[in-house]
Amino acid sequence: HYIEEARSAAQVAFMNSGTILKQSAPNQLMSEYQCSTLEEVFLQLCYQHNKDKNNANLIEQSSDDSNNLGISNINPIENDLINTANISSKRLDMTRVNAMLMKYWIFIKRKPQFIFIYYTMVIITLCAWNLIVGRDINGISVAVYNNDESPQRLSRMLIHSIDDKHITFVDYPDLESAVNSVRNGRNYLALEFRQNFSDAFETRVTDPFSATDEDVEESLIHLYLDNSNAVIGLMSVKYLMNGFTNFMDKLGNEVGKPNLFDLITPLQITQIYHGNLKNVLNTFDVFGAPMLVVLVLLMPMLLSAFLMVTAKTNNTIERVFVSGVTSHEYYLAHVVVNILISLGLVVISMVVVFVVFNVEHQGSLVEILALLFLQTLVGIAIGLAFSLILADVVSVMKQFLTIS
Numbered sequence: 001h002y003i004e005e006a007r008s009a010a011q012v013a014f015m016n017s018g019t020i021l022k023q024s025a026p027n028q029l030m031s032e033y034q035c036s037t038l039e040e041v042f043l044q045l046c047y048q049h050n051k052d053k054n055n056a057n058l059i060e061q062s063s064d065d066s067n068n069l070g071i072s073n074i075n076p077i078e079n080d081l082i083n084t085a086n087i088s089s090k091r092l093d094m095t096r097v098n099a100m101l102m103k104y105w106i107f108i109k110r111k112p113q114f115i116f117i118y119y120t121m122v123i124i125t126l127c128a129w130n131l132i133v134g135r136d137i138n139g140i141s142v143a144v145y146n147n148d149e150s151p152q153r154l155s156r157m158l159i160h161s162i163d164d165k166h167i168t169f170v171d172y173p174d175l176e177s178a179v180n181s182v183r184n185g186r187n188y189l190a191l192e193f194r195q196n197f198s199d200a201f202e203t204r205v206t207d208p209f210s211a212t213d214e215d216v217e218e219s220l221i222h223l224y225l226d227n228s229n230a231v232i233g234l235m236s237v238k239y240l241m242n243g244f245t246n247f248m249d250k251l252g253n254e255v256g257k258p259n260l261f262d263l264i265t266p267l268q269i270t271q272i273y274h275g276n277l278k279n280v281l282n283t284f285d286v287f288g289a290p291m292l293v294v295l296v297l298l299m300p301m302l303l304s305a306f307l308m309v310t311a312k313t314n315n316t317i318e319r320v321f322v323s324g325v326t327s328h329e330y331y332l333a334h335v336v337v338n339i340l341i342s343l344g345l346v347v348i349s350m351v352v353v354f355v356v357f358n359v360e361h362q363g364s365l366v367e368i369l370a371l372l373f374l375q376t377l378v379g380i381a382i383g384l385a386f387s388l389i390l391a392d393v394v395s396v397m398k399q400f401l402t403i404s
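Residue numbers (full-length UniProt numbering): 1 to 404.
Shown next as structure tokens:
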């Protein structure tokens, strides 16, 4: 229908594979070729052009045979046909590749917000992950049933040793109501202190060999845990363990044994080489590297598929092929542009992760850059494959969200 829209023009020119087939007034062309529409004219011109190309190939073959026999009298017009056929049949012409690269460059210059949004999405994603994953959990609701006999000295000391910023304690009058609050989802954890907790725990610490089985049972802190949310469940236990360490330090100072916790616990962490215990299970150090690898795979995949599908949807790819650009040249320019943009993506991502967030890395940054760059090549290839399979941008986004 685009051809018929040109019927009102003063002059029209038909092009196929980079060669102008005919240029004249629309009515004159239809009259000359005895056609009712310009599309029929274009069809005849393409048919004649292909026929001339085939004749040119035959002439070229006979020319080679003639040269072998010492004959060189070939018509100049036939030479023009041969040259035209040779030019249009080239599989790879760097001039056309450079023209395609310039086309992408002009697109980026006209729409710099496209690249800006593309890189900003990466930064926002990494920052969001750092804010979500790299932060402590505050306000975990924990039920407490304290049946320790008055004055409840050690049980209260233990509760006060736990950071109340992370855990909020709710007292219950009996064990059943405390456990039911966990079962009904009001609290994530319930603590039970038995009747003789303070005395039994003191006996267990000061004279462990004289402690009876009953003393050991009374000195235990019984936990009732809701692990439907595994992260909150693990983090609540972690905060309790940190509080217990503080409690043992306070109790050790009271009884004159500052190393009381070491006396009870035979395990000691001497050195940590990767990560730290302070932010275990919720640090960006744990998830930063995998997130970075996934990001440099998905973003180039999305960009590659989006550019190709947009070109197919807007029919610009057909106009490019009509102008003489081959599929090899088009895909080469497409891959080069995606590689350059993705290289900037890798550099920005590494700066955000390793410089801004100070994530620990092992080995050379050059090796990390090479690994991430190879990952972007995989993403570009997958995106190109999706663009050839899927019909529109919506389908590409659905596939992207499915993989994400």
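Virtual Cβ for every residue (Gly too), placed ideally from N, Cα, C.
Could you check the C-alpha separation between residue i and residue j for me, to the nearest Å?
| i | j | result |
| --- | --- | --- |
| Y188 | Q268 | 29 Å |
| W105 | T313 | 20 Å |
| V335 | S304 | 8 Å |
| V352 | I123 | 7 Å |
| P290 | P300 | 16 Å |
| L388 | A25 | 38 Å |
| E218 | A211 | 11 Å |
| S342 | N130 | 22 Å |
| E5 | G344 | 42 Å |
| T270 | T120 | 42 Å |
| H166 | E254 | 26 Å |
| Y172 | L260 | 31 Å |
| V309 | D164 | 54 Å |
| R319 | G288 | 43 Å |
| V347 | F244 | 44 Å |
| L43 | Q28 | 16 Å |
| R194 | H222 | 8 Å |
| Q11 | D52 | 24 Å |
| S31 | L297 | 56 Å |
| T37 | I115 | 43 Å |
| residue 406 | T19 | For residue 406 there is no data in the structure shown, the boundaries of the chain being 1 and 404. |
| F14 | L340 | 35 Å |
| K257 | S155 | 19 Å |
| E360 | T95 | 45 Å |
| C35 | Q375 | 54 Å |
| P112 | G363 | 35 Å |
| S190 | Y224 | Residue identity differs from the one stated: residue 190 is Ala in this sequence, not Ser. So the alpha carbons of these two residues sit roughly 5 Å apart. |
| S8 | Y33 | 18 Å |
| L21 | L365 | 55 Å |
| D136 | A311 | 46 Å |
| R153 | N229 | 33 Å |
| N138 | V170 | 15 Å |
| N16 | F354 | 52 Å |
| T168 | F247 | 17 Å |
| I380 | Q23 | 40 Å |
Looking only at DSSP bridge pairs, what is residue i linked to?
| i | result |
| --- | --- |
| M15 | I20 |
| V142 | F169, L189 |
Take residue i as the anchor and find which of the options has the nearest alpha-carbon.
| i | options | result |
| --- | --- | --- |
| V294 | F357, T125, P266 | T125 |
| L101 | V355, I137, L332 | L332 |
| L263 | L298, T270, G252, E329 | G252 |
| N98 | A385, H361, E329, S342 | E329 |
| F197 | A190, S181, S210, E214 | E214 |
| V41 | N315, L260, A9, I3 | I3 |
| V378 | S8, N338, L175, D52 | N338 |
| F306 | G288, Y47, C46, L384 | L384 |
| A128 | G363, K109, L292, V366 | L292 |
| V142 | P112, N180, Y118, F107 | N180 |
| I140 | T95, Y118, L240 | L240 |
| L302 | L175, F386, A13 | F386 |
| L175 | Y145, N229, A200 | Y145 |
| P151 | T376, S364, D199 | D199 |
| Y118 | S349, A381, V366, S364 | S349 |
| T316 | L92, F107, V356, I132 | F107 |
| F357 | A230, E39, V133 | V133 |
| A178 | A381, N147, E202 | N147 |
| E192 | V216, N50, L220 | L220 |
Does the distance between the C-beta of residue i and the nearest non-hydrogen atom of the ligand MG fall short of 7 Å?
| i | result |
| --- | --- |
| G344 | This structure simply doesn't include the ligand MG, nor any ligand for that matter. |
Does chain D have any CB closer than 8 Å to the CB of residue i?
| i | result |
| --- | --- |
| Y239 | The structure shown has no chain D; it contains just one protein chain. |
Three Cβ pairs or more, each shorter than 8 Å: is that satisfied between the segment 177-188 and the segment 153-165? no
Using 8 Å as the Cβ pair cut-off and three pairs as the minimum, do the segment 191-209 and the segment 225-234 touch? no
I'd like the ranges of any beta strand (DSSP E) spanning at least 3 consecutive residues and lying wholly in the segment 186-273. 189-193, 221-225
Quick one: any contact between the segment 314-330 and the segment 354-371, if contact means 3 or more CB pairs under 8 Å? no
Whole alpha helix (DSSP H) elements within the segment 307-364, 4-residue minimum: 316-322, 327-350
What residue ranges within the segment 92-151 form continuous alpha helix (DSSP H) runs of no fewer than 4 residues, ordered along the chain? 94-110, 112-133
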